[in-house]
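Heads up, the thing below is written out as structure tokens.
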Amino acid sequence: MGLLSQGTPLSWAESRQYNDYVREHGINQLVNCFNAAKGRHNDHFFWGDEIEYHMIRIDDKAKTAQLSLKETEVLKNLGEHGKDKQRAIDQGILFHPEYGRFMLEATPYQPYDGETIEGYAEVEQNMSVRRTVAHNEMGDKNVHAATLTAFPTMGCDDFTYPKTVPKGPSSQSLFLPDEVINQHVRFPTLTANIRRRRGQKVAINIPLFEDTNTDMTHLDSSIPKRELFSGDDEAFLGAAKPGHIYMDSMGFGMGCCCLQVTLQAPDINEARYVYDSFVNIAPALLALTAATPILKGRLADQDVRWNVISGAVDDRCPEERGEATLQGHKARGGIADNANVIYIPKSRYDSVDQYLGDIHSQPGIDGLSHITSVGTVSKESESSADYTYFEPSLNDVESPINPAVYAKLRSAGFDHRLARHFAHLYIRDPLVIFKEKIKQDDATETDHFENIQSTNWQTLRFKPPTQKATPGNDSVPGWRVEIRPMEISVTDFENAAFGVFSILLARAVIKYRPNFYVPISVAEQNMKVAHTRRCTTDGKFGFRVNSWHGQNEESVIAQLSLDQLFNGYEDFEGLVPVTRRYVHETFEIKTEQQRNAQELLEIYFKFISKRASGEIPSTAKFIRSFVMHHPEYKHDSKINSSINYDLIKYLQRLERYDPELTSEFFGKEISTWMSDHGY
Ligand code: ADP
Ligand code: MG
Ligand code: MG
Ligand code: MG
Ligand code: MG
Ligand code: MG
Numbered sequence: 301m302g303l304l305s306q307g308t309p310l311s312w313a314e315s316r317q318y319n320d321y322v323r324e325h326g327i328n329q330l331v332n333c334f335n336a337a338k339g340r341h342n343d344h345f346f347w348g349d350e351i352e353y354h355m356i357r358i359d360d361k362a363k364t365a366q367l368s369l370k371e372t373e374v375l376k377n378l379g380e381h382g383k384d385k386q387r388a389i390d391q392g393i394l395f396h397p398e399y400g401r402f403m404l405e406a407t408p409y410q411p412y413d414g415e416t417i418e419g420y421a422e423v424e425q426n427m428s429v430r431r432t433v434a435h436n437e438m439g440d441k442n443v444h445a446a447t448l449t450a451f452p453t454m455g456c457d458d459f460t461y462p463k464t465v466p467k468g469p470s471s472q473s474l475f476l477p478d479e480v481i482n483q484h485v486r487f488p489t490l491t492a493n494i495r496r497r498r499g500q501k502v503a504i505n506i507p508l509f510e511d512t513n514t515d516m517t518h519l520d521s522s523i524p525k526r527e528l529f530s531g532d533d534e535a536f537l538g539a540a541k542p543g544h545i546y547m548d549s550m551g552f553g554m555g556c557c558c559l560q561v562t563l564q565a566p567d568i569n570e571a572r573y574v575y576d577s578f579v580n581i582a583p584a585l586l587a588l589t590a591a592t593p594i595l596k597g598r599l600a601d602q603d604v605r606w607n608v609i610s611g612a613v614d615d616r617c618p619e620e621r622g623e624a625t626l627q628g629h630k631a632r633g634g635i636a637d638n639a640n641v642i643y644i645p646k647s648r649y650d651s652v653d654q655y656l657g658d659i660h661s662q663p664g665i666d667g668l669s670h671i672t673s674v675g676t677v678s679k680e681s682e683s684s685a686d687y688t689y690f691e692p693s694l695n696d697v698e699s700p701i702n703p704a705v706y707a708k709l710r711s712a713g714f715d716h717r718l719a720r721h722f723a724h725l726y727i728r729d730p731l732v733i734f735k736e737k738i739k740q741d742d743a744t745e746t747d748h749f750e751n752i753q754s755t756n757w758q759t760l761r762f763k764p765p766t767q768k769a770t771p772g773n774d775s776v777p778g779w780r781v782e783i784r785p786m787e788i789s790v791t792d793f794e795n796a797a798f799g800v801f802s803i804l805l806a807r808a809v810i811k812y813r814p815n816f817y818v819p820i821s822v823a824e825q826n827m828k829v830a831h832t833r834r835c836t837t838d839g840k841f842g843f844r845v846n847s848w849h850g851q852n853e854e855s856v857i858a859q860l861s862l863d864q865l866f867n868g869y870e871d872f873e874g875l876v877p878v879t880r881r882y883v884h885e886t887f888e889i890k891t892e893q894q895r896n897a898q899e900l901l902e903i904y905f906k907f908i909s910k911r912a913s914g915e916i917p918s919t920a921k922f923i924r925s926f927v928m929h930h931p932e933y934k935h936d937s938k939i940n941s942s943i944n945y946d947l948i949k950y951l952q953r954l955e956r957y958d959p960e961l962t963s964e965f966f967g968k969e970i971s972t973w974m975s976d977h978g979y
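According to the numbering used here, the stretch in the sequence shown is residues 301 to 979, in order.
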């Protein structure tokens with residue numbers, strides 16, 4: 301996650317004085333990148349995925365499954381700075397650190413070629429190599445790299461191996477010891493500074509699932525009374541809510557694993573169009589991949605992780621949140637008294653707030669080459685005529701900007717929407733500043749830009765290239781879009797299916813030019829729907845249905861189930877059929893290899909289609925039902941360590957392909973296909 305600078309982080313008090321400096325130089329860096337790369341066109345369609353793992357130590361004698369804090373060999377050897385990095389590269393993979401010390405991230409070493417059908421057949425294979433290598437590299441053979449979104453008993457007694465006690469100064473959490481945090485100095489500092497800036501610990505309250513014996517009226521019984529840090533009483537002063545699962549630390553969110561995919565668009569305007577097109581697909585992808593029914597040893601009344609992370613990094617002080625302070629806490633938190641505090645509606649980690657606008661352009665792939673002008677739309681003259689489908693009124697949620705940043709970007713040639721996008725990200729303060737990294741060359745470095753950019757965690761990320769990305773210099777990436785809402789699934793099969801599907805859908809969007817714009821408040825409402833229990837089958841998502849045809853007519857927004865959205869119905873060609881059609885209309889199938897790739901894509905489409913229809917249960921539903929049928933479950937919404945162990949073992953069987961279990965989960969057809977293909 302984010303940028304990993306080496307060096308000494310400034311103390312909180314010292315770093316404050318550099319906030320404007322970092323923003324100013326971050327924007328200079330962005331302007332230089334933009335000027336270098338704005339004239340790039342027809343970039344190749346590359347893409348890649350990121351898989352995150354929990355390292356879980358399974359003790360079959362003691363019947364425990366715990367997060368392992370000891371396994372750093374994988375990163376030490378095969379990470380970006382690993383001594384054996386070449387060995388990973390030779391296998392086409394690379395490992396990266398993540399927030400949790402018990403986490404791993406892995407990516408393909410090279411992005412996939414998205415322009416040939418064979419490129420899509422590499423994904424699952426590559427994921428499988430990553431999982432195998434991670435496993436083989438573990439010093440302790442009882443440690444297993446698992447793709448679970450949230451570790452079920454995180455923050456409960458004895459959830460780590462070795463045993464730890466929560467009393468760390470960075471998080472000051474009642475539940476999570478600082479030992480769970482990645483030991484690179486950036487991470488404990490980030491944790492502490494979010495707490496400092498906010499003026500109190502983060503407070504995440506997720507509604508508890510109400511079973512017959514669940515206590516809904518008292519505070520979470522796992523909250524201990526402690527007198528170690530001044531914030532230890534916060535839970536009892538209003539931070540914790542009855543009937544909710546209370547969590548007080550960054551690790552509960554950033555300790556979750558997810559699936560991300562990044563694509564390189566042909567040029568900046570196509571990147572803007574893809575970004576905008578996915579604003580309202582993102583909530584649906586979150587719901588479709590729902591995998592988080594358990595948090596801190598409790599069944600939740602929701603199925604996804606998103607608002608947990610959102611709360612876990614919410615550094616806004618009470619005034620910025622527009623909320624009352626806790627008894628005895630200073631209103632402004634750790635912000636200087638002379639600072640200009642504004643109301644900020646959302647956390648740094650949240651859904652997209654603004655469309656970028658689809659500046660007129662022609663299809664860049666599978667179509668005509670084109671020339672478009674970047675930076676001609678001014679605020680004064682902006683009208684719907686400047687855009688293909690976008691209308692300024694669609695950005696209808698409050699989204700404050702940094703006016704100085706906006707003005708600077710406008711004078712540097714950014715159009716109104718693009719300037720607003722970055723000026724919105726730049727309302728945030730830097731969270732960690734490294735002493736050795738203050739002075740930078742804005743013509744070649746991007747650390748200050750990334751400092752703010754990569755601590756704005758939205759459902760999508762618009763990734764600009766670096767200053768080296770001049771037209772023709774294909775050795776460095778161009779304009780990219782990252783799709784970030786998806787939860788991680790238990791098997792490589794599912795993760796590959798979701799990754800491949802979302803990328804092929806993006807390709808279909810670029811080719812067929814749908815109009816998916818809805819008022820952004822509708823996408824926001826869809827995020828709320830994605831946070832309801834059983835959202836995968838019961839949620840209704842507002843979606844523009846005259847999107848493939850009649851794009852320029854008045855928008856018709858219908859409330860669709862995921863089944864209707866993905867599989868289609870009489871008024872709407874679903875996202876799966878259209879992506880399948882895209883594959884048929886685009887790729888040449890001549891060789892055996894191409895035929896195999898096509899067959900693989902077809903099985904992915906079937907899986908996604910059945911997940912959307914409910915025929916294949918969501919991971920969340922599957923896990924919830926496992927718990928509710930466990931003999932030790934007392935219908936009090938609590939998961940003890942032995943249920944946790946059985947669940948982890950069960951999921952491990954699924955991940956390693958157990959014919960009976962796989963058949964039960966995915967259905968016979970997919971299971972048979974999997975076994976025929978070497979699972
Ligand atoms: P971050 O954590 O900032 O999102 P990572 O480096 O972990 O970044 O992941 C970036 C993803 O982008 C990887 O899957 C990688 O394969 C992919 N990628 C790398 N270069 C390109 C490119 N030129 N176009 C598209 N995707 C790329
Ligand atoms: Mg990551
Ligand atoms: Mg990454
Ligand atoms: Mg990263
Ligand atoms: Mg990423
Ligand atoms: Mg128009």
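Glycine is no exception: its CB is placed at the ideal position from the N, C-alpha and C atoms.
As the structure is a computational prediction, the values presented were derived from the model and not from experiment.
Which residue marks the beginning of the alpha helix (DSSP H) containing residue i, and which one marks its end?
i	result
Asp349	Taken as a continuous stretch (DSSP letters only), Asp349 belongs to no alpha helix (DSSP H), being part of the beta strand (DSSP E) at Phe346 to Asp359.
Phe536	Counting along the chain, Phe536 falls outside any alpha helix (DSSP H), and DSSP gives it neither H nor E.
Gln898	Glu892 to Ser913
Met928	Thr919 to Met928
Ile393	Here Ile393 belongs to no alpha helix (DSSP H); instead the beta strand (DSSP E) covers Ile393 to His396.
Applying the 10 Å Cβ sphere with the 16-neighbour rule, what's the burial state of residue i?
i	result
Thr308	exposed
Val776	exposed
Gly553	buried
Gly667	Unreliable placement is indicated for Gly667, whose pLDDT of 37 sits below 50; the coordinate value is still reported in the next sentence. By the neighbour-count rule (16 or more Cβ atoms within 10 Å), Gly667 is not buried but exposed.
Met403	buried
Met325	According to the sequence displayed, residue 325 carries His and not Met. So His325 ends up on the buried side.
Met516	exposed
Glu510	exposed
Pro703	exposed
Glu398	buried
Tell me whether residue i counts as near ligand 2, meaning its Cβ is closer than 7 Å to at least one heavy atom of that ligand.
i	result
Glu380	no
Glu415	no
Glu352	yes
Looking at ligand 5, does it come within less than 7 Å of residue i, judged from the CB to the closest heavy atom?
i	result
Gln560	yes
Glu854	no
Glu782	yes
Excluding the 5 residues flanking residue i on each side, which residues of the same chain have their C-beta closer than 8 Å to its C-beta?
i	result
Gln980	The chain is shown only over 301 to 979; residue 980 falls outside these bounds and no answer can be derived.
Glu870	none
Could you check if residue i belongs to the surroundings of ligand 1, using beta carbon to heavy atom distance under 7 Å?
i	result
Asp349	yes
Leu563	yes
Glu932	no
Thr407	yes
One question on the structure: do residue i and residue j come within less than 8 Å of each other, judged by their Cβ atoms?
i	j	result
Leu656	Tyr546	no
Val641	Glu619	yes
Pro466	Pro477	yes
Ser802	Thr447	no
Glu424	Ala796	yes
Leu709	Phe722	yes
Arg648	Thr755	yes
Lys910	Asn513	no
Gly842	Val809	no
Ser699	Gln753	no
Lys501	Gln483	no
Tyr950	Met974	no
Since residue i is in the beta strand (DSSP E), which residue starts that stretch and which ends it?
i	result
Thr364	Thr364 to Ser368
Met786	Where Met786 is concerned, there is no enclosing beta strand (DSSP E), given that its DSSP letter is neither H nor E.
Looking only at its chain, what residues have a beta carbon closer than 7 Å to the beta carbon of residue i, apart from the 5 residues adjacent to it on each side?
i	result
Arg632	Gly499, Cys617, Glu619 and Val641
Asn940	Glu932
Arg316	Ala636
Asp384	Asn377 and Leu378
For residue i, I'd like the list of residues in its chain whose CB is within less than 6 Å of its CB, leaving aside the five on either flank, ordered along the chain.
i	result
Thr676	With a pLDDT of only 44 at Thr676, under the threshold of 50, the placement of this residue in the model should not be trusted; the figure read from the coordinates follows. There are no such residues.
Asp863	Ala912 and Ser913
Ala591	Thr449, Glu787, Thr919 and Ala920
When you measure from the CB of residue i to every non-hydrogen atom of ligand 3, does any distance come out below 7 Å?
i	result
His444	no
His484	no
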